[in-house]
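With positions in the sequence shown counted from 1, the corresponding number in our numbering is that position plus 45.
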Amino acid sequence: MSKKKNSPFFSFTSTLEQVGRSIDAHPDIIALLSVPQKVIEVELPIEKDTGEIAIYQGYRVQHNNARGPYKGGVRFHPNVDLDEMKALAAWMTLKTAVVNIPFGGAKGGITIDPQQLSDRELQRLARRYIAQLGNNIGPTNDIPAPDVNTNSQIMAWFTDEYSRLNNHHEHITATFTGKPIALGGSLGREAATGLGGLTVLQEYLAQTKQTQSNLTIAVQGFGNVGSNFACLADQSGFKVVAISDAEGGIYHPQGLDIPSVIKAIQHGGKLDRNLCYPKLSVEQAGSSADDSCQQISNQELLELKVDVLVPAAIENQITADNAAQIQARLILELANGPTTPAAQDILDQKKIPVIPDILANAGGVTVSYYEWTQNIQNLYWSEKAINSKLRQKMQESTRDVLSEQSPSGNLRQAAYALAIRRLQQSMLLRGWVRPRPQDTAGHSLSH
Ligand code: GLU
46 MSKKKNSPFF SFTSTLEQVG RSIDAHPDII ALLSVPQKVI EVELPIEKDT
96 GEIAIYQGYR VQHNNARGPY KGGVRFHPNV DLDEMKALAA WMTLKTAVVN
146 IPFGGAKGGI TIDPQQLSDR ELQRLARRYI AQLGNNIGPT NDIPAPDVNT
196 NSQIMAWFTD EYSRLNNHHE HITATFTGKP IALGGSLGRE AATGLGGLTV
246 LQEYLAQTKQ TQSNLTIAVQ GFGNVGSNFA CLADQSGFKV VAISDAEGGI
296 YHPQGLDIPS VIKAIQHGGK LDRNLCYPKL SVEQAGSSAD DSCQQISNQE
346 LLELKVDVLV PAAIENQITA DNAAQIQARL ILELANGPTT PAAQDILDQK
396 KIPVIPDILA NAGGVTVSYY EWTQNIQNLY WSEKAINSKL RQKMQESTRD
446 VLSEQSPSGN LRQAAYALAI RRLQQSMLLR GWVRPRPQDT AGHSLSH
């Protein structure tokens, strides 16, 4: 087991073991969940536009399929390594169990900064990755999807390459989710993680009898997840006061006019002071920036005094080094693994609740499940129907996690407990481990 500082896989195993003990989970189940079932490492040579060959490193980690086919995204990022992939795959296993959808967990990635490649090089790399994975993926065994720096275009290249390799066999579209609508993608998938996260936040506030009006929010990360969440939160009456991307961000105490900021970014704008449109003066937006606007660093964003802090970028953002400075009243984790275990301990002492990633960002994989279902039955649903199923699912899952909550109030432990119970039930029924006297196959562990 890797114990390197801030190792995401160590974060996973330490929480797994701690929660396993506290709910008297079967030790063999915890042992099985502590290792991925299969690790695939591939070398990816591609021809650059210059004619030279460049070789990249790719991974697919299949963590557990006790509850259904492996499921999880593929990310293109310079930080991708085996430890990160193993953690992200394991979190997918827990996430699909928390929202109770019939999938296991996997994750893939390529160690690359995609900004360094042309579109044609990116397409060659995407195709090479799928060719190298071969029959390790497929609609009934492992279903990849977008993640950090991958999108529906990349899923389209994946689908085409997979289909070519499999002689254009039918049902091939169900091998990937997050596809473009024109290639069997689902309405609502693009915004699903954001809408799911917003629904979890609203349900949490409702269940804990807190007001929702005018709460201030800071969002770290302005990719698909962060920007969709910010936009939907803005529409639902929250006040998004700060946003940032990898280079830094903007803060306006009166709230930002998120749709205008998004529009400006789509037209090539950079997230700096020039895009600091205040929410209240829509007419001013685009003409001049407001004086109370501040350009801030990512670190400053995390430490703002806001009601809700939403890390929506990558792992290890809230660590032992900055957790003591966090002033938010609540944290909603839309990234995977943004909080280290040491930071979680500090936040627990400060009584700042953390709504964990494996619940908060599960909206994406939930609509991936709806996409896969639609592909398999070749019958497509309206966006309204999908969003309403998603909202219902996220509300139910939030209540399920809250009802697992222990007196310590740690919601990550509650979500792990719920997932472990569901996984234990499936593994006992499958006969993967021998039941102890206190385990009745077919029933969840007693509380
Ligand atoms: N990459 C997303 C996640 O981390 C979505 C995975 C999927 O849709 O399979 O949850």
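Cβ atoms here follow ideal geometry from the backbone N, Cα and C, with glycine treated the same way.
**OP:** Give a single yes or no on whether Val410 has its beta carbon closer than 7 Å to a heavy atom of the ligand GLU.
**Re:** Val410 has its Cβ nearer than 7 Å to a heavy atom of the ligand GLU.
Subject >> Distance between Leu424 and Ser59 (C-alpha atoms, nearest Å) >> reply: Looking at the two C-alpha atoms, the distance is approximately 43 Å.
Original post:
Of all the options Val353, Gln161, Arg66, Asn124, which has the alpha carbon lying nearest to the alpha carbon of Lys93?
Top reply: If we check each option's Cα against that of Lys93, Gln161 comes out closest.
**OP:** Give the range of the alpha helix (DSSP H) segment to which Lys140 is assigned.
**Re:** Segment 127-143, the alpha helix (DSSP H) holding Lys140.
Original post:
Do the CB positions of Ile310 and Val286 come within less than 8 Å of each other?
Top reply: No. Outside cutoff.
Original post:
How many angstroms separate the CA atom of Leu139 from the CA atom of Phe121?
Top reply: Roughly 22 Å between the two C-alpha positions.
Original post:
So, helix, strand or coil for Tyr296, using DSSP?
Top reply: Under the three-state reduction of DSSP output, Tyr296 falls in the strand class.
Subject >> Ser231 to Lys224 span [Cα, whole Å] >> reply: Roughly 7 Å between the two C-alpha positions.
**OP:** Would you mind giving the Cβ-Cβ distance between Gly558 and Val119, rounded to the nearest angstrom? I have them listed as a contact below 8 Å.
**Re:** Since the first and last residues shown for the chain are 46 and 492, residue 558 lies out of range.
Subject >> Burial state of Ile74 (16 or more Cβ within 10 Å) >> reply: Classification of Ile74: buried, given that the 10 Å Cβ count is 16 or more.
**OP:** List the endpoints of the continuous alpha helix (DSSP H) containing Ser337.
**Re:** Unbroken run through Ser337: none, as it is neither H nor E.
Subject >> Of the listed residues Phe283, Ile226, Thr253, nearest to Trp426 (C-alpha basis) >> reply: Measuring C-alpha to C-alpha distances from Trp426 to each of Phe283, Ile226, Thr253 identifies Ile226 as the nearest.
Original post:
So what does DSSP say about Ile421, is it helix, strand or coil?
Top reply: Residue state for Ile421 is assigned as helix, using DSSP reduced to three classes.
Original post:
Is the distance from the Cβ of Phe203 to the Cβ of Ile175 below 8 Å?
Top reply: Cβ distance < 8 Å, so Phe203 and Ile175 count as in contact.
**OP:** Could you say if the stretch 363-373 and the stretch 133-149 meet the contact criterion of at least three C-beta pairs nearer than 8 Å?
**Re:** With a cut-off of 8 Å, the stretch 133-149 and the stretch 363-373 do not count as touching, because too few Cβ pairs lie within range.
Subject >> Sub-8 Å separation of Ala380 and Thr364 beta-carbons >> reply: With respect to Thr364, Ala380 sits apart: the two C-beta atoms are not nearer than 8 Å.
Subject >> Cβ neighbour criterion (16 or more within 10 Å) applied to Pro383 >> reply: Pro383 comes out buried.
**OP:** Run the proximity test for Gly241: is its beta-carbon closer than 7 Å to any non-hydrogen atom belonging to the ligand GLU?
**Re:** No, the Cβ of Gly241 stays beyond 7 Å of every heavy atom of the ligand GLU.
Original post:
With C-beta atoms as the reference, is Gly408 less than 8 Å away from Thr238?
Top reply: If you check the CB distance, Gly408 and Thr238 come in under 8 Å.
**OP:** Using the Cα positions of Asn269 and Leu277, report the straight-line distance between them to the nearest angstrom.
**Re:** CA-CA distance, Asn269 to Leu277, rounds to 12 Å.
Original post:
Does the stretch 453-464 come within contact of the stretch 100-107, defined as at least 3 CB pairs closer than 8 Å?
Top reply: Pairwise C-beta distances place the stretch 453-464 out of contact with the stretch 100-107, as fewer than three of them are shorter than 8 Å.
Original post:
Expressed to the nearest angstrom, what Euclidean distance is found between the alpha-carbon atoms of Trp136 and Asp205?
Top reply: Going from the Cα of Trp136 to the Cα of Asp205 covers about 28 Å.
Original post:
Thinking just about the alpha-carbon of each residue, which of Asp69, Ala76, Leu349 is nearest to the one in Ala57?
Top reply: It should be pointed out that residue 57 corresponds to Phe in this sequence rather than to Ala. In this structure, Ala76 is the residue among Asp69, Ala76, Leu349 with its C-alpha nearest to the C-alpha of Phe57.
Original post:
What residues in its chain sit with their C-beta under 7 Å from that of Ala330, if we drop five residues either side in the sequence?
Top reply: Unreliable placement is indicated for Ala330, whose pLDDT of 48 sits below 50; the coordinate value is still reported in the next sentence. Excluding residues within five positions, the ones whose Cβ falls inside 7 Å are Asp302, Ser305, Tyr322.
Original post:
Count the other CB atoms within 10 Å of the CB of Thr220; is the residue buried (16 or more) or exposed (fewer)?
Top reply: Buried is the call here.
Subject >> Residue nearest to Phe283 in terms of C-alpha spacing, selected from Val264, Thr385, Ile341 >> reply: Distance check between Phe283 and each of Val264, Thr385, Ile341 places Val264 closest, using alpha-carbon atoms only.
**OP:** Quick one: using the 10 Å Cβ neighbour count with 16 as the cut-off for buried, is Leu89 buried or exposed?
**Re:** Leu89 is buried by the Cβ-count criterion.
Original post:
Helix or strand or just coil, what does DSSP make of Gly179?
Top reply: Correct three-state label for Gly179: helix.
**OP:** Decide if Asn455 is buried, meaning its Cβ has at least 16 other Cβ atoms within 10 Å, or exposed.
**Re:** When all chains shown are included, Asn455 counts as buried.
Original post:
Is Gly454 helix, strand or coil by DSSP?
Top reply: Three-state result, Gly454: coil.
**OP:** Could you round the C-beta distance between Gly293 and Gln340 to whole angstroms and report it? I think they count as a contact, below 8 Å.
**Re:** Yes, Gly293 and Gln340 are in contact; Cβ-Cβ is about 7 Å, under 8 Å.
Original post:
How would you write the range of the alpha helix (DSSP H) that Tyr322 sits in, first residue to last?
Top reply: No alpha helix (DSSP H) holds Tyr322; DSSP gives it neither H nor E.
Subject >> Supposed contact pair Ile359 and Leu320 - C-beta distance, whole angstroms, cut 8 Å >> reply: Between Ile359 and Leu320 the Cβ distance is about 22 Å, and since that is not below 8 Å, they are no contact.
Subject >> First through last residue of the alpha helix (DSSP H) which encompasses Pro72 >> reply: Pro72 -> alpha helix (DSSP H) spans 72-78.
Subject >> Backbone secondary structure at Phe55 - three-state DSSP >> reply: Helix at Phe55.
Original post:
For Leu511 versus Ser442, is the C-beta distance shorter than 8 Å?
Top reply: Since the displayed the chain opens at 46 and closes at 492, residue 511 lies outside it and no answer follows.
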